[in-house]
Structure formats: C-alpha cells, structure tokens
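Sequences listed follow chains A and B, in order. The number in my numbering is simply the position in the first sequence, starting from 1, with 573 added. The number in my numbering is simply the position in the second sequence, starting from 1, with 67 added.
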Amino acid sequence: MKYHIIVLLCAGMVSCTAPIDINVRTEDAHPVIYSTLTDQVEQQKVEVSRTIPYFSPETEAWVDDATVTVATSEGDTYTTYWNDERKAYFTTEAFSTVPDVIYTLTVEFDFDGDGTPDTYTATTSAKTPPATFESIAIEPYDLPMTDISAYMLTITGQDPPGRDFYIFRVEINGEIKGEIGNWLTVGDRMFQDSRIDDFPLGIFPGEDNEEEEDDFWFESGDYVRLLLSDVEMGFMRFVSEVQSSGGGANPMFGGPPYNMRTNISNGALGWFGSLCSLSLEATVPPATEE
Amino acid sequence: MLRKLLPILFIIIPAALCAQRAIIITGSVTDSATGQPVIGATVYVTGTLQGSPTDAEGRYSFTGREGRHTIGVSHVSYQKQERSAVFSAGKAIDFALDPNILIDEVVVSSQAADINVTRVNTGVDRLDIDQIRRMPALMGEVDVIKAIQMMPGVQMTSEGGSGFSVRGGSPDQNLILLDDAVIYNPSHLMGFFSVFNNDFVSSAEIYKGDMPLRYGGRLSSLLEINTIDRQPERFTGTGGIGLISSRLMLEGPIGSNTSWHIGGRRSYADLFLPLAKDPDIKDAMIHFFDLNAKFTHRFSHRDMVQLSGYYGGDAFGMNNMGQVRYGNGAATLSWRRIWNDKLTSRLSFNFSDFTLRVKSNMAGFDAALRSNIRDYQFRLDFEHNIHPLLNLLYGASTMLHQFRPGRLDAEGIKIIPVIGNNALEHTVYIQNQQSIGKAVVLRYGARVSAFQNMGEAVVYNYDDEYNALDSVRYAPGEIYNTRFAVEPRIGIVVRTGASSSVKASYSYNTQFMQLANNSASGSPLDIWFSSGPNILPQRSHLFSVGYFRNLRDNMFVLSAEVYYKSMRNTIDFKDGADLMLNTQLDGEIRAGRGRSYGIELSAAKTGGKLTGFINYTLSRSDRKIPGINDGKRYPAPFDKPHLLNIAVSYKFSSAWEVSLSWIYASGNPTTYPVGKFTIDGRPVVRYSERNAYRMPDYHRMDVSVTWHPPHKSTRRWHGEWNVSIYNAYNKKNPWMIRFEENDLGTNYAEMTYLFGVVPSITYNFKF
C-alpha cells in the first residue's frame, strides 16, 4: 500500500482527470444475500436484495418478502422478520455464535417472478479465536504531506500454527464500528507461525477528521477494544473484495476488475459468515504536539 | 512437427544439390581513408538473394554462383559501391569505401536497402539509431522502445509506457537482449522511459515470432538492442542536456587494437526537490540512472574479445513512508575467433539481473522486501560455411536461472522468505540456409531445449480447486522436474522480381518462464517464475506469409504480411490473483489456449528530403482459459484490432529538420461495471464478462523541430537543438477509467489521462 501511495504521487505530478461517457449493456439482475453472525448476543441481521443497472439512479433494491431462517447444527432454528427502517431481516431471538457450530442460512423468495419461490442456502462455522495474541498499542502517527492527525494501531503476540486469516473489528467506548467497510483484514503470510511485536495493523484518523467522511476516528482518551477473529480464507477475501469493489481497472496495480466471490447457492451473490472474537484493549494517547 | 518436416527437407535438399555449381565468396570491407575494417556493411549480389553483412573484422562470406556478377556494398556512413567481378573459388573480393559526405540526403538504414526483400525471416523490423533519433519524443527523451512501438504488429501496453505487446502477446513474451544479455525490466520512471541510452545504441531489431534459431524462450518476439560497435580513431564524445535527464558518452582508442566506450545518463528532478517548502517533498527521492561500458580488444585479425556491461536503476520514496529501488544489471564477455574462411566461432558469458527492493519505515516499523531474478549463461556459437549448400549456424548454451520471488525482513517478525527456485536451461540448435537456384533461399533448422527445475524449492500439490493439499521440499541442487522442447523453424523466400519477393515461415516457440505482474504499465513489481510441476511451458505455432516489394531503387519499401499464431498453456491470472509474497503463486495461475491473427501493411520512404513510414495492422487476439471468464473465450488484454502509425521527417536544409508522428489504436479491451448492489451499507459493483468492452480509441500526434547551428569545420564541437511537442493537439487519452458515486448515489465515469501537451527542449552535442 505504501508503494502504491508513492507511485500515485508520482503519477499525480503529470496526470489529470476528466468526465467520460460510458455505455454499457443492461444485464440480468442477480439476487444478493449477506449476513455475518457475531458473538455478541443480539438479533442477527440478514440482507436480501437484487442487483440494479450500474448507472441507474436507484441506489438499492431490497427484497422484503423473503422467508429467512438460520438453523444450527445443535438443532436450533431462528426465524426472522423484516425491519423496514433498517432494510434487513433480523432474527426474532437474540443469540451469539459459538465456535465450531455450523449455521445454515435459508432464504426463499420468488426472484424470477415465475410464481415459484426460489431457494438460496449457505453454511458457516466460526473458529475459536486464537488466545496467543497479547496486546495492542495505539500511537500518534504523522501522515506524510498532510496536516491530518492520525494514529497507528499495532499488535503483539504469537501467530498460531498454519495459515490464518484475520478480521479485526474496532469498538470505541463500548460501541462496535461493525459495518463491513470498517473491518481490517490481514493474512499471516508475512508472519506465519511467528511471534510479532508491535506489528502495524492500520492507520486510523484522529479527531480533526470529525467533519470528514470517515465513519469513525480516534480521540485522545478513547477506550478502544480490538475484536480479533480467525476466519476462513474465502471470508477474509470476500471482505477485502467488498471493501475494494468499484473504481474500475487500474493499469498500474493489478489486473482486470472482477466480481467478488460468493458462498450462497443457486447463483446468488453475497456471503454468509460468522465471527468469534478475542478482545484486546488500549487507550488512545494524546495526539502529537506540533 | 519435426517428423512431419523431415520428408520435405529430404525432397528439397537433393533438388538443390542438382542445381548449378556454387562457391563461397569471401572478402573484406575497409575504410578507404583509415584502412580500418567496416563493420556492419552489407555485401550483396545485385538481382539475387545472395549476400552477407560484414563482421567485426570487416569480413564477409556467402554462397554465390561461379561467373561474372555485379557485387555491391552499402553502409550508412559510406558511399555505396557496386562493381562487376568474376566469382571463382578461392578469390577474395575486397572493397575500400569512401566516407559518406552527402548532407542533404537522409540515409536511414545501415543494412542493404533491399534487406527487407532478401532476408529469409518474416516479421522483422529494424531501426537504426539515426531513424530513432528523428522521431519526436516524450519530454525530449529519445527512446528505442517508443520507436519500436511504431512498428507494425507492435503496440504499447499503456500510455507512455515501455511495455509492448507483439502480435497480441503479453509483455513477458518478449525476449529483450542488450548485447545478448537479457533485460528483464526495460522501464525507468514507471515505464515512461526505457533503460536504453540512445547514445550507446546503434540499432534495434525486432523479430515478431520468427526468431533466429540461436534465440528462443519467448513466444512473441525477440528485441535485439545492439550497442555501438565501432573503432573510434580518437577520443570523442556525444551527449545531451534535456529537461528530465542528461547523458554523456565517451569513446576512444587505446593503441590500434583496443577501443573503449563509456556512457551514462541520470535524471535530475530530485535535485530540485530540496527547494520545496514542504519537508516531506524536500526529503523525497525520485531519480533514475544508466551506466554503459564496452571494451573491445583485437589480439589479431582472427581474435577479438569484447566486454560490455549495463547497470541502471530507479529510486523513489519519501520520509515516513519508504523507498522503492529497482534496476537491471547485464554483462557480456565474448571471444570471437575466425578460424578460417569458412568457420567463425563466438564463445560468450552473459549475466543478467533484475532486483526490486522496497523499504518501509512507517511508524518506526522497519521492513524490507527484496525480490530478484538472476541469470548466468555460457554459450558457444558457430558460423560454418562448409559447402555452398551447407551454410550452417549451430551452437549450444546453458543457463542458470535464479528466481527469488520475495524475501521480507521486518523488525520484530521472524523472516518468512517466499522460497524461490533455480532452473537450468540447456539448448542446442542448428540452422542451415541455402540457395535453390537464383530465386529461392531456404532456411531451416531446429532448436532443442531442456529446462530443469532445481532446488532449493518447495512445490505444492493442489486439488481441483487450487487449494494446496501438501508440499514437497527439494534440497539445494536437486533436479525435480525436467521438460524438453523441440522447436523446428523453417522459412523460405522466393524472389519474384528484381525488387520483390514472397516469403513464408513456420516457427515453433516454447517459453519456460513468465511474469507474475498484472500491470499494463511499467510497474517494477515484476516477479518472474518458472514453469514446473504445476505450470506447463507455454508453446506456440506461428505461420506467416508476406509479400515484399521495393520501388525506385529501394527508395520506397513496401510489405504486406499475414500471420496466425496459436498458443497452448498460455497463462492468465485468476480473478483477484494474489501475486506478491505468495508461497503458492502457481495456485493463482490458470492456463489455457490463445490465438492471434492479423495482417500488417507497411510503406516506407527511405531516401530524399522526405522520409518516413506508414504502418497499419489489422489483428485480433483472444484467450480461452478454464477458470477465467467462466471458461468462455475473451479478448486478450492487448487485443487492438486497428493500429496505424505514421512517422515522417522533412529536411528543409542542412540546418533544419521537422518530424511528425501520429498514432491511432483501437482502445484496450476492458471490463466495465454493469450492475450494483450494497453489502452492509457499502456499495459493491457487478462487472461484465472479462474484457467485454473496449476503452475509447487512442490517438496522438507528436512534432519535433531540430536545428543544427552552422559550425566551423575546424571546430570539433557539433551541437543541435531539438524542440518537441508530445501530444500536440492535446488529446485526452484515457489511461485509467474510474467509477465514482455522486451525492445522489448515481454512478458516473471519470478518466485519468496522463499527458496533455508536453513541450520539451533538448540540446545534443558531439565532439
């Protein structure tokens, strides 16, 4: 990422932007289903929608007449209801994920309008979070070429044996910043089976970004909990793909854009995942004095 | 395939043996003023396909017919000579050439003017440095690769970049040689400039698939960059001062048998950065440099030793973030010996290296990434004219490749290197070229290669979904996989008139290594990897037929070629391939079939005040690879149906010259978003099939004016000013198209274009 920033700065010395008209053909819609079950005891959420043309003025096309259930390998079944305000289905009962329990999501609705319900299913199972990570630290960080305050979050501990794929969520002063766009994803390729000390996980904006578009920021004195989950590779990559979706092809970094992966059956897009987390805490220190 | 060709050879060879008696014609070409050998002159027999270039000793030999003929010799720096001579066995025909003093005539080739008609290979384009220098250049930096991108069938992979695609192939299917040493990444400054310092280059020649059998290992092309190879009479220098960089090349003799050439180039944008107020910019780093050197020593008229080397690199970075450094190193040490009139040998050692280093010091966390590829090669080549029907080129080579895809050293982290591997590549080849009557020349032969993967290495076994099941570790030096390739190549040229011919060729190529880089620009994140147990070598069959005709004493050079290329085991990367620091890189690769076909038309005017060329290519290229695009056929990344390149120069006088070039190309295939949805409040894009759309067509005009101030004949200093305008009519060609969302949630497209009008001025000099 650092390399990319440097290169973009170089390219920025000469490049300019301009609007351009693009004509694309209208393609068939696809059903979209997404849910991540968490280990917080809560009414778990399931989103059901369909794709719409890219240049359409519409922004979303929710499906509100589906039958959505979550069943467990322990024999429990959770039904759901449609919440029109939050545009999602929620389980009628609150529950939390348990490691190694298999959860099965079933969604039924008449997608193609032929009068017969179409059925979409997926399964997931949460891993036991590794207890070998010990602590996190938050330090002020100077972003080059900006006056923006920022903080670097680092982690210390032992990576467990084998390939691991981590999702990190952040809780600030008791509020989880739980949307998928706020998650951090890290594979252990660089430190597989190793001990890591103060390994940088990410840069977070400081309090002077309050007016900016960032969903959250750190302020001096904030109590921060990092929720660490060990997940399957596909889930971690799905999250990365959602976060990096859009933008189009970049001739400098990587190949053609592609459609994100799915683990939902019957041609539906999306993912059904689950998280069990290890919690690590730190307090945000004062920002660097100018 | 070789088995199928053998019966044809058995028919052709006896037929040729029945033809009239042939002999070997030999001789030498020297400078009439100095007596020095003239290297690279072309000796030819008018009205026939017979002829030969002179070697480093100014000597030539070729097969001719007994009797009286008109024999001629041409060279860019000398006046052409033709004379009648009687060819007889054992009789040498020598020439002493007068230096060329014409100043109002532009000569654009150091080869015979009709080489395009007589040469047996199809799909060959050659540019001399004089021709390259005449083309307008980005920021005044005359560039060999930018000039090569103007040839028919050759296209740039992105705006201003040094990457190029030949007949629909990918950039890693091009073998780029600098004096026989491989250059793995020819780019400076993210590809805007190539690594070749034009003061040190004498010519560039590209073979678009039908390569000489001496070379191989790539499917699409061979680009031979030849450095200067002259014997200077005194200490001289050439150079230039430009807006981006400056360069200097010095050369001179040491005694009568030794010569040396040393050159360098460096950019200097970074020298102005300390003037910036922003401390981050002030301490930033961005520059590139090149160093070239060449030494030649003649022990006798039979023995010559040459050492040439190149070292260059780029560096850019900022405090608090990190640095990126990358560069090439290449060296060639050769001994050429003329054993007798019939046998010449060349023994050489070649070394190549490309290394990438990325350093990070973000938040005090120090990490360093290093990856590289390194080659060591020994080769022995012979040119052996045993009999008029046996004009052989044969030889052997062995090469050690060292692949080091990545090693990360990070503070506080146990080092996890991505273990590379090694490979041995052994090759033997033999080629014969013979005349059949006066009108036909046949070239045929084969190249046999063995590619051996060698430890230390870790090889993964995968299931059908490319999930790693287990792995095997091989000890250092252990051979764990061997692949053979037999590559027959055959070509024929049939003279259809005094200045016209029809050519046909078949070429089989194998490629044992490829590049893990999805970038179309000059990204330095190049990771080369070899074929192995999980990745089969790429293979191609290329068929070409062409008609070549020159008019008005070779002033007008015309050609039309059609080709069809099929490829097996051609690779692409799976969706979202993860190529950096990946121990299971071969799990990210998908292999399948590809094909390219097209027609290339070229017309050039090579003499007079107005010179230039028009090249047009109509072509298609696609891929069909299981696991990509649902297994359906899709356009290759550089499939551009239409390419039109025009370059003209007009010399108003000995002082003023104007050049203009215009490029038109169909847009690159691309994948556009066709749908959208949201996941947990975040907008997500649904994309079309791979490369289902095409970016807007590309076109651009460049103009340059060169002024040679008058100078006194007594002064050694010659200078010239060159003013060039890149993208003269300010066409905004999209380099990248991004898709954004406005405040209402509606999407729109926005393009990034790299260059508007870019004027520049350069002062070139020689003394």
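Here a beta-carbon is modelled for each residue, glycine too, at the ideal position from N, C-alpha and C.
- Note on the stretch 703-786 of chain A: whole beta strand (DSSP E) runs with a minimum of 3 residues are 706-715, 722-731, 738-745, 748-750, 757-760 and 768-778, in chain order.
- For residue 553(B), the closest C-alpha among the options 669(B), 280(B), 731(B) and 564(B) is that of 280(B).
- Here residue 658(B) is near residue 603(B), since their CB atoms are less than 8 angstroms apart.
- If you ignore the 5 residues before and after residue 684(A), its C-beta comes within less than 6 angstroms of the C-beta of 604 and 691, all in its own chain and listed in chain order.
- Beyond the five residues adjoining it in sequence on each side, residue 278(B) comes within less than 6 angstroms, by CB distance, of 289 in the same chain, given in chain order.
- The C-beta of residue 98(B) has 16 or more other C-beta atoms within 10 Å across all chains shown, which makes the residue buried.
- Each residue's CA atom was taken as its position, placing residue 665(A) and residue 654(A) some 7 angstroms apart.
- With respect to the 8 angstroms criterion, residue 502(B) and residue 117(B) are classified as neighbours on the basis of their beta carbons.
- An exposed status is given to residue 697(B), since fewer than 16 other beta-carbon atoms sit within 10 Å of its beta-carbon.
- The alpha-carbon separation between residue 304(B) and residue 268(B) amounts to approximately 14 angstroms.
- In terms of Cα proximity to residue 681(B), the closest of 126(B), 488(B) and 715(B) is 715(B).
- Listed in chain order, the positions of the stretch 733-755 of chain B with a beta carbon within less than 9 angstroms of a beta carbon of chain A are 735, 736, 737, 738, 739, 740, 741, 742, 743, 744, 745, 746, 747, 748, 749, 750, 751, 752, 753, 754 and 755.
- Note: residue 674(A) is not bridge-paired with any residue in the DSSP secondary-structure output.
- Under a criterion of Cβ atoms nearer than 7 angstroms, no residue of chain B is adjacent to residue 809(A); the nearest Cβ is some 11 angstroms distant.
- According to the DSSP secondary-structure assignment, residue 440(B) is paired through a beta bridge with 421(B) and 470(B).
- With a 10 Å radius around the Cβ and a threshold of 16 neighbouring Cβ atoms, residue 153(B) comes out exposed.
- Contact of residue 591(A) with chain B is assigned, a C-beta pair being separated by under 8 angstroms.
- At least one beta carbon of chain A lies nearer than 8 angstroms to the beta carbon of residue 804(B).
- Take residue 463(B), set aside five residues on each side of it, and the residues of its chain with a beta-carbon closer than 8 angstroms to its own are 446, 447, 493, 494, 495 and 496, in chain order.
- At least one beta carbon of chain B lies nearer than 8 angstroms to the beta carbon of residue 830(A).
- Relative to the Cα of residue 110(B), the nearest Cα in the group 416(B), 613(B), 133(B) and 137(B) belongs to 137(B).
- In the three-state DSSP reduction, residue 156(B) falls in the coil class, being neither helix nor strand.
- Membership of residue 691(A) in the beta strand (DSSP E) is indicated by the continuous run 691-698.
- Here residue 704(B) has no same chain residue with a Cβ atom under 6 angstroms from its own Cβ, once five neighbours each way along the sequence are excluded.
- Membership of residue 198(B) in any beta strand (DSSP E) is not indicated; the residue belongs instead to the alpha helix (DSSP H) covering 196-200.
- A contact is defined here as three or more CB-CB pairs under 8 angstroms, and the stretch 241-253 of chain B fails this definition with respect to the stretch 726-735 of chain B.
- Where residue 112(B) is concerned, the enclosing beta strand (DSSP E) starts and stops at 109-112.
- With its beta carbon at least 8 angstroms from every one in chain B, residue 738(A) lies outside the interface.
- In this structure, DSSP gives residue 811(B) a state outside helix and strand, which the three-state scheme calls coil.
- By the Cβ-count criterion, residue 808(A) is buried, with 16 or more other Cβ atoms from all chains shown falling within 10 Å of its own Cβ.
- Look at residue 632(A): its C-beta is under 8 angstroms from a C-beta on chain B.
- Look at residue 319(B) here: in three-state DSSP terms it is strand.
- If you compare the alpha carbons of 439(B), 260(B) and 739(B) with that of residue 763(B), the shortest gap goes to 739(B).
- For residue 814(A), the secondary structure class from DSSP, reduced to helix, strand or coil, is helix.
- For residue 667(A), the uninterrupted beta strand (DSSP E) run begins and ends at 661-668, by DSSP.
- Ranking 316(B), 355(B), 319(B) and 675(B) by CA distance to the CA of residue 334(B) puts 355(B) first.
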